[in-house]
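Input: a single structure, listed below in structure tokens.
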Amino acid sequence: MAGAFLLGLVAGLVYNVGLLYWVSGVVVQYGHLPLYLGIFIMLLLALYLSLYVSLFAAGVTYLGRRQIPLAVTAPLLWVLLEYGKATLLTGFPWGNLAYSQYMNLHMIQIGDLAGTYGVSFLLVLINAVLCDLIARKESQFIILTELVAGSVLLSAAYSYGVYRLADTGARMRNAPAKPVSIVQGNIDQSIKWDPRFQAETIRIYTDLSGKAALGSPDLIVWPETATPFFFQQVDEKHGEVVAVARNTNAFLIFGSISYRRIENQTHYQNSAYLLSPRGEVLGRYDKVHLVPYGEYVPLRRFFPFVEKLAIGIGDFLPGEGFEPLSLDGERAGILICYEAIFPEISRAYREKGASFLVNLTNDAWFGRSSAPYQHLAITAFRAVENRLFIVRAANTGISAFIAPTGEILSRTGLFETTVLQGIFHVMEGRTFYSRFGDLFVYLGMAFFAMICIITRRRKS
């Protein structure tokens, strides 16, 4: 047990350090911390996430000694631990196994039934069957049963994928299409909040939006915090943004920092605004799921020293709910940055009638690392789970149009100043996943609990 736990810890560290190495660069460059402390913080996060792998290794070892086949325990335990990682301590489902398959469109279509956890389950199951086949520790009957069951489930998943890709494609062709333009301003993070650069930022977005208007889009989308000032203050800069909507004759969705006064204190919020083609403010969404140590400092009362790790403009106030923004008869579910990695948020929008999703993000923090690519891959799964188009606007990239199948139809490169033209189709109907959420995980919990009860009775 102890040996398995340690091996799991080592494997988890290798995986998570390779996945999250860029965290150290973010906290050093923007948190103004020394390099050794940035590396320490990254290793601390990797160590925490590696504990889930340790628990997995120890758990399957323990149950294996109780004659429970690996192909039964491994996929169940892995999924339960992934779910725990996604929910405990505000959740961090960044490196879920399913995301490795974002380009395998046939496999990931089961996401509209079981979410990412269904894909992770299938991956671990197949690997567990192969492990038992190589190790030959189980009886021939059990190995044969595992091979048959694994083959049937894998074939069923791929067959479902073939059907869903064809069905969703047909529905897309018959659904109303809306032209959209994404503006990628490519504003350098080091000068983004410099007041002296505000006029230049607005000029960049105004010029690019003028080019976008040549395609006669119904909607133009700017990224997270595209306006480096408080849009809610009605002044000259506010008027310049309003003029963009009027001059392009398009709806405009963009990110901006906002504020609220509560008991004589100013609280900042990370917001998204919707303007009509006449320049009217039709709605605002305030980010609900904030980034710990990036937008707020958890446990500040108990550990005051962690406040030094906060990156950005102080402590942010979370929004009050997930309400789609209405435009021209359609409803846009807004995902600001980090919110795209949490499937329950996209699902909440679908429940409230969202007909497409808009992901506003600023991945400039990550530089030329693998993080922007990881973020894009994760976001693609939100499209599959809810069968909705995603319009993704990123400050420095990667901006993209993502189909309800999870296919990335078109995308920009990193650190490009550009406009991306595309369309989204208005998709009707809710998926099994959007109706019932993580039912697959809850059933897995019940089945795993039953296994544990049987194991205890065997032992006694």
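When we follow the numbering used here, the leftmost residue of the sequence shown carries the number 2, and every step to the right adds one.
C-beta atoms are modelled at their ideal positions from N, C-alpha and C, and glycine is treated no differently.
Local Cβ density within 10 Å of residue i, reported as buried at 16 or more and exposed below that
i	result
SER182	buried
MET173	buried
SER411	exposed
ILE69	buried
TYR443	exposed
SER347	buried
ARG436	exposed
ASP236	exposed
ARG458	exposed
ALA171	exposed
Pairwise C-alpha distance: residue j and residue i
i	j	result
GLN190	THR397	9 Å
THR88	GLU321	19 Å
THR91	GLU352	22 Å
TYR100	ASN265	45 Å
GLN270	ALA447	40 Å
GLN199	GLY116	41 Å
PHE317	THR267	10 Å
TRP223	THR74	46 Å
GLU147	ALA72	7 Å
GLY313	GLY368	Model confidence at GLY313 stands at a pLDDT of 46, short of 50, so the residue's coordinates are unreliable and nothing is read from them.
ALA365	VAL125	34 Å
TYR63	MET2	7 Å
LEU14	SER370	19 Å
GLY26	LEU36	8 Å
SER272	ALA395	15 Å
LEU283	LEU326	8 Å
PRO278	PHE41	49 Å
ASP133	ILE143	9 Å
The beta strand (DSSP E) enclosing residue i, as first and last residue numbers
i	result
ASP189	Unbroken run through ASP189: none, as it is neither H nor E.
THR463	Residue numbering for the chain in the displayed model covers 2 to 461; residue 463 lies beyond these limits and cannot be assessed.
LEU253	252 to 263
PHE230	228 to 231
LEU220	220 to 222
Expected contact under 8 Å - CB spacing of residue i and residue j to nearest Å
i	j	result
ARG332	ASP113	Wrong, their Cβ atoms sit about 20 Å apart, outside the cutoff.
VAL359	VAL392	5 Å
GLN185	THR418	7 Å
ILE111	ALA58	In fact, because the Cβ distance is near 26 Å, the residues do not count as touching under 8 Å.
LYS179	VAL427	7 Å
LEU78	GLY60	5 Å
According to DSSP, residues forming a beta bridge with residue i
i	result
GLU331	LEU328
ILE143	Bridge partners of ILE143: none, in fact.
ASP287	SER272
ALA401	ARG393, ARG412
LEU336	ASN360
PHE343	PHE343 is not bridged to any residue.
HIS426	ALA178
THR267	ARG262
THR419	GLN185
For residue i, the first and last residue of its enclosing alpha helix (DSSP H)
i	result
ASP364	Run containing ASP364: none; DSSP gives neither H nor E here.
SER55	36 to 65
PRO278	Segment: none, PRO278 is in no alpha helix (DSSP H) and carries neither H nor E.
Interface flag, residue i vs chain B, CB-CB below 8 Å
i	result
GLU352	Of the protein chains in the structure, only one exists, and it is not chain B.
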